[in-house]
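>
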Amino acid sequence: MNFPSRWLGVALLLATAAVHSPTLRNGFVFDDISIVAENPRISSWERFGELFTHTFVLNPAFGGVASEVYRPILEVSLLVDRSLWGLSPLGFHLTNLVIHLANVVLLLRLLLGFVPHGLAASTVLLWAIHPVLTEAVSLVANRNHLLFSSLLLGGLLLWRRPPDRSSGETAGRVGAAAGLMAVGLLTHEMAIVFPLLALLVDVTNAPRSASPWSVLRQRRAAYLVLLAGAAAYLGLRLTVVSLGPTLDPGTFIAGFGTRLLLAIRVVAGYLVLVAFPLWLSIERGSSLGLPASPWDPAVLGAFALLSAMTGIAWWLWRRTPIPAYGLMWFAALILPVSNVLPFYAIMGERYVYLASAGALLFFLSSGVELLRVAGRSLRSGDHSLSLAATAVALLLAWLLGARTVLRTLDYRDDVTLYASSLAATPDSAPLLINLGDAYMKRGRYGEALAATEQAVRLKPDYPEAWNTLGLVRSGRGELEKAVPAYRRAIHLMPDYAEAWNNLGIAHGDRGEHAEAITVFHRAIRLKPNYAEAWNNLGVVYATKGQYAQAVPAYREAIRLKPDFAKAWYNLGLAYAAQDDRRRAREVYQQLKSLDRARADELFRKSILR
0 MNFPSRWLGV ALLLATAAVH SPTLRNGFVF DDISIVAENP RISSWERFGE LFTHTFVLNP
60 AFGGVASEVY RPILEVSLLV DRSLWGLSPL GFHLTNLVIH LANVVLLLRL LLGFVPHGLA
120 ASTVLLWAIH PVLTEAVSLV ANRNHLLFSS LLLGGLLLWR RPPDRSSGET AGRVGAAAGL
180 MAVGLLTHEM AIVFPLLALL VDVTNAPRSA SPWSVLRQRR AAYLVLLAGA AAYLGLRLTV
240 VSLGPTLDPG TFIAGFGTRL LLAIRVVAGY LVLVAFPLWL SIERGSSLGL PASPWDPAVL
300 GAFALLSAMT GIAWWLWRRT PIPAYGLMWF AALILPVSNV LPFYAIMGER YVYLASAGAL
360 LFFLSSGVEL LRVAGRSLRS GDHSLSLAAT AVALLLAWLL GARTVLRTLD YRDDVTLYAS
420 SLAATPDSAP LLINLGDAYM KRGRYGEALA ATEQAVRLKP DYPEAWNTLG LVRSGRGELE
480 KAVPAYRRAI HLMPDYAEAW NNLGIAHGDR GEHAEAITVF HRAIRLKPNY AEAWNNLGVV
540 YATKGQYAQA VPAYREAIRL KPDFAKAWYN LGLAYAAQDD RRRAREVYQQ LKSLDRARAD
600 ELFRKSILR
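Heads up: the sequence shown runs through residues 0 to 608, numbered per numbering that gives the first Met the number 0.
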């Protein structure tokens with residue numbers, strides 16, 4: 000960047016940092032709990048190799064089918080943060096903010112290559128502080144969207160430079176760009192669209208009369224390198240590292256035609272969110288539903304919007320190709336998450352993180368050009384139009400920035416996040432389940448019961464809703480009502496190991512030990528690595544005085560989850576009950592490093608007695 004551009008970049012960074020700074024006061028919420036706070040894979044550098052050789056199971060905070068994901072670069076970044084900051088949320092949120100700031104600079108540099116300075120700066124400013132980006136910036140678990148965007152933008156900057164130097168230097172740039180694409184693919188699968196974005200960048204640098212095919216022919220060897228890298232990644236995922244099940248099996252079961260209609264609605268929905276980010280939600284998919292036919296009003300409205308935007312870009316092409324470039328950028332990045340192939344949640348604001356830059360470029364550039372057309376009709380001067388455009392951009396920046404600050408504050412705790420999201424998607428049963436769970440963890444069982452009962456009314460065939468209702472009933476001491484809720488969840492999903500485990504706990508609390516043991520064994524058959532179920536099985540055996548059976552159950556729980564403090568504590572009590580003081584002391588020494596308060600309690604109960 001030249002001198003004015005550098006100062007422009009500094010101003011954009013300051014504005015972005017100011018708007019997103021409230022995230023530094025937030026804690027861990029939503030998926031941060033399982034992916035960061037409770038993720039044993041990022042607890043020690045000894046497990047570094049495992050990040051690249053094994054997938055990890057993403058248990059969606061909204062229930063559904065757990066998905067195996069392979070994103071080692073995300074976990075490496077979390078491992079670095081944990082090494083530096085421990086489990087202090089401040090450090091993790093600071094890293095997210097720094098990566099987002101880096102993306103602001105990278106995007107500005109990329110746009111300045113083919114967009115007028117004022118338009119480029121306005122686009123990047125509105126993108127950097129846009130409310131729809133808060134889900135990616137404010138959730139540490141969504142850092143993969145920030146990281147793969149950095150890698151793609153950096154790769155495109157390398158790719159964009161015209162091949163006017165020696166062949167070695169050109170090959171070096173292509174190799175470096177392909178390398179960044181490869182690392183991006185290890186961060187998030189959406190990086191698979193890099194070749195499409197590279198083609199778009201080449202088209203912006205080519206004469207307007209040049210066709211994409213002619214651009215491809217000029218750099219066919221370079222594109223073959225990119226395509227070979229993408230093919231190698233797909234081969235890895237299909238043969239060595241599983242792609243994992245879809246997050247929404249109902250969408251997968253639906254026919255291709257239904258998914259295509261849904262994709263039209265989803266893509267249009269993202270564009271509406273970028274244009275009018277008033278009502279934001281952490282969960283949107285369950286409120287959409289599958290379209291019944293092409294004549295569904297929502298599908299027709301979405302198709303009309305997409306057609307109108309495409310028509311505007313086509314009509315303006317002779318005047319300026321920039322609106323079309325913005326629309327193509329958006330389309331390329333949204334394609335993997337459009338649900339044509341349903342490997343992701345139906346809709347999520349995090350998916351539009353980088354794609355929204357293209358949408359904003361379309362809206363701003365087409366708006367400016369339409370103003371010029373109107374100005375000529377009204378015989379207004381260019382200076383007046385420039386002042387009007389600047390005033391509109393500043394007003395939009397103020398409005399978007401204020402909305403982003405308010406939305407960032409929603410992420411300060413789970414209850415606030417879910418309650419504010421329900422204002423946008425009030426028919427979301429998953430949101431109600433999570434809100435009920437958050438209330439329950441705070442001991443607010445009345446509000447938890449109201450939320451979970453509403454979820455059951457909205458979606459009576461939702462097993463997670465019945466399971467959560469059972470948990471709330473158990474917490475209120477209403478075991479006679481909890482058991483039917485768990486059994487309803489199991490009826491809807493017979494292999495629901497968590498519901499079987501909770502049913503076993505309820506039977507145990509009711510003194511029905513034989514039933515509890517049978518149920519825990521069923522949960523373990525369904526999920527052999529279920530440490531909590533093994534521990535609960537041990538508790539029932541210990542309650543019956545069968546310590547010879549309890550000890551192996553506790554040991555299996557610890558083998559599966561070495562930092563499981565509750566299982567260590569129960570094992571120590573079991574040894575003490577068998578008068579095995581030596582092993583009880585060994586457990587005490589181990590437990591001290593995991594949970595000092597629980598270790599002291601074990602010492603008082605088993606060693607001092």
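We put the beta carbon where it would ideally sit given N, CA and C, even for glycine.
#1: Spell out the partners DSSP gives phenylalanine 55 in its beta bridges.
#2: Would you report the Cα separation of aspartate 594 and tyrosine 568, rounded to the nearest angstrom?
#3: How far does the alpha helix (DSSP H) with lysine 565 in it extend, from its first residue to its last?
#4: Whole angstroms is fine: what's the gap from glycine 183's alpha carbon to serine 427's?
#5: Span of the alpha helix (DSSP H) holding histidine 506?
#6: Roughly how many angstroms lie between the CA atoms of valine 391 and alanine 496, to the nearest whole one?
#7: Below 7 Å between beta carbons: does that hold for valine 539 and isoleucine 516?
#8: Do alanine 418 and leucine 431 have their C-beta atoms closer together than 7 Å?
#9: Quick one: residues in its chain with C-beta nearer than 7 Å to the C-beta of valine 455, no 5 flanking neighbours on either side, listed in chain order?
#10: For the alpha helix (DSSP H) holding tryptophan 328, just list the boundary residues, first then last.
#11: Just to confirm, are serine 337 and alanine 274 a CB contact at a threshold of 7 Å?
#12: Can you tell which of Ala541, Ser43 and Asp599 has the C-alpha that lies nearest to the C-alpha of alanine 576?
#13: Regarding alanine 428 and the ligand HEM, is the C-beta to nearest heavy atom distance less than 6 Å?
#14: Is the region 145-157 close to the region 40-49, with three or more CB pairs under 8 Å?
#15: Quick one: grab the DSSP three-state call for alanine 209.
#16: Using the beta-carbon count (16 or more within 10 Å), is aspartate 31 buried or exposed?
#17: So leucine 125 packs on alanine 119, CB below 8 Å; how close in whole Å?
#18: Quick one: residues in its chain with C-beta nearer than 6 Å to the C-beta of arginine 582, no 5 flanking neighbours on either side, listed in chain order?
#19: In this structure, does DSSP put methionine 492 in helix, strand or coil?
#20: Count the C-beta pairs between the region 354-365 and the region 211-218 that are closer than 8 Å, then say yes if the count reaches three, no if not.
#21: Over the uninterrupted alpha helix (DSSP H) stretch that includes glutamate 45, give me the two end residues.
#22: Skipping 5 residues on each side, what residues in its chain have a beta carbon closer than 6 Å to that of arginine 509?
#23: Quick check: the region 470-477 against the region 431-443, are at least 3 beta-carbon pairs closer than 8 Å?
#24: At 4 residues or longer, and completely inside the region 242-301: list those alpha helix (DSSP H) runs for me, N to C.
#25: Over the uninterrupted alpha helix (DSSP H) stretch that includes serine 149, give me the two end residues.
#26: Quick one: any contact between the region 166-180 and the region 127-134, if contact means 3 or more CB pairs under 8 Å?
#27: Answer with buried or exposed for aspartate 409, where buried requires no fewer than 16 other C-beta atoms within 10 angstroms of its C-beta.
#28: What does the alpha-carbon distance come out to for the pair alanine 297 and arginine 264?
#29: Report all residues from its chain with a CB closer than 7 Å to the CB of phenylalanine 302; omit the five preceding and five following residues, and keep chain order.
#30: Determine the burial state of proline 493: buried for a count of at least 16 other Cβ atoms within 10 Å of its Cβ, exposed for fewer.
#31: Could you give the distance in angstroms between the alpha-carbon of valine 123 and the alpha-carbon of glutamate 134?
#32: With distance defined between alpha-carbon atoms, name the residue in Asn95, Ala330 and Trp397 nearest to leucine 305.
#33: What does a CB cutoff of less than 7 Å around asparagine 501 pick up in its chain, not counting 5 residues either side in sequence?
#34: Buried or exposed: aspartate 80, going by 16 or more other Cβ atoms within 10 Å of its Cβ?
A quick look at the data gives this:
#1: As a first step, residue 55 is located in the sequence shown; it is residue number 56 there, counting from the start. Answer is Val68, bridged to phenylalanine 55.
#2: For the purposes of this step, residue 594 is identified with residue 595 of the sequence shown, where counting begins at 1. For the purposes of this step, residue 568 is identified with residue 569 of the sequence shown, where counting begins at 1. Their Cα atoms are separated by approximately 9 Å.
#3: Working through the sequence shown from its first residue, we reach residue 565 at position 566. Segment 564-576, the alpha helix (DSSP H) holding lysine 565.
#4: Indexing the sequence shown from 1 puts residue 183 at position 184. Indexing the sequence shown from 1 puts residue 427 at position 428. Cα to Cα, glycine 183 sits roughly 32 Å from serine 427.
#5: Your numbering for residue 506 matches position 507 in the sequence shown. Counting along the chain, the unbroken alpha helix (DSSP H) around histidine 506 starts and ends at 496-508.
#6: Taking the sequence shown and counting its residues from 1, one reaches residue 391 at position 392. Taking the sequence shown and counting its residues from 1, one reaches residue 496 at position 497. A direct Cα-Cα distance of roughly 55 Å separates valine 391 from alanine 496.
#7: The sequence position of residue 539 within the sequence shown is 540, counting from 1. The sequence position of residue 516 within the sequence shown is 517, counting from 1. In this structure, valine 539 sits near isoleucine 516, with a CB-CB distance shorter than 7 Å.
#8: The residue labelled residue 418 in the question sits at position 419 within the sequence shown. The residue labelled residue 431 in the question sits at position 432 within the sequence shown. Between alanine 418 and leucine 431, the C-beta gap is not smaller than 7 Å, which leaves the two residues out of contact.
#9: Counted from its first residue, the sequence shown places residue 455 at position 456. Counting only Cβ-Cβ distances below 7 Å, and skipping sequence neighbours, we find Ala464, Trp465 and Leu468.
#10: Locating residue 328 in the sequence shown gives position 329, counting from the first residue. Secondary structure note for tryptophan 328: its alpha helix (DSSP H) is the uninterrupted segment 321-333.
#11: Residue 337 sits at position 338 when you count from the first residue of the sequence shown. Residue 274 sits at position 275 when you count from the first residue of the sequence shown. No, these two residues do not count as a Cβ contact at 7 Å.
#12: Within the sequence shown, numbered from 1, the residue matching residue 576 stands at position 577. Distance from the Cα of alanine 576 is smallest, within the candidate group Ala541, Ser43 and Asp599, for Ala541.
#13: You won't find the ligand HEM in this model; it holds no ligand whatsoever.
#14: Cβ pair count under 8 Å is below three, so no.
#15: Here the question's residue 209 lines up with position 210 in the sequence shown. Coil, per DSSP.
#16: As a first step, residue 31 is located in the sequence shown; it is residue number 32 there, counting from the start. Buried, because 16 or more other Cβ atoms sit within 10 Å of the Cβ of aspartate 31.
#17: The count along the sequence shown starts at 1 and reaches residue 125 at position 126. The count along the sequence shown starts at 1 and reaches residue 119 at position 120. Not confirmed; about 11 Å, so no contact.
#18: Locating residue 582 in the sequence shown gives position 583, counting from the first residue. Excluding the 5 residues flanking it on each side, arginine 582 has same chain C-beta neighbours closer than 6 Å at Tyr574, in chain order.
#19: By one-based count along the sequence shown, residue 492 stands at place 493. For methionine 492, the secondary structure class from DSSP, reduced to helix, strand or coil, is coil.
#20: Touching, no.
#21: By one-based count along the sequence shown, residue 45 stands at place 46. No alpha helix (DSSP H) holds glutamate 45; DSSP gives it neither H nor E.
#22: Indexing the sequence shown from 1 puts residue 509 at position 510. Cβ within range, chain order: Leu478.
#23: Touching, per the Cβ criterion.
#24: The region 242-301 contains these whole alpha helix (DSSP H) runs: 248-252, 255-274 and 284-287.
#25: In the sequence shown, counting from the first residue as 1, residue 149 sits at position 150. 142-159 is the extent of the alpha helix (DSSP H) around serine 149.
#26: Using a C-beta cut-off of 8 Å, the region 166-180 makes no contact with the region 127-134, since fewer than three inter-stretch Cβ pairs fall below that distance.
#27: Sequence index remark: in the sequence shown, residue 409 carries index 410 (1-based). Aspartate 409 comes out buried.
#28: The sequence position of residue 297 within the sequence shown is 298, counting from 1. The sequence position of residue 264 within the sequence shown is 265, counting from 1. When the Cα atoms are used, alanine 297 and arginine 264 turn out to be separated by approximately 7 Å.
#29: As a position in the sequence shown, residue 302 is number 303, starting the count at 1. The residues are Ile263.
#30: Taking the sequence shown and counting its residues from 1, the one referred to as residue 493 is at position 494. With fewer than 16 other CB atoms across the displayed protein chains lying within 10 angstroms of its CB, proline 493 is exposed.
#31: As a first step, residue 123 is located in the sequence shown; it is residue number 124 there, counting from the start. As a first step, residue 134 is located in the sequence shown; it is residue number 135 there, counting from the start. About 18 Å.
#32: As a working note, residue 305 is residue 306 in the sequence shown. When the alpha-carbon of leucine 305 is set against those of Asn95, Ala330 and Trp397, the nearest one is in Ala330.
#33: Start at 1 with the first residue of the sequence shown, and residue 501 comes out as number 502. Contacts found: Asn466, Gly469, Leu470 and Tyr485.
#34: Numbered from its first residue, the sequence shown carries residue 80 at position 81. With 16 or more Cβ atoms within 10 Å of its Cβ, aspartate 80 is classed as buried.
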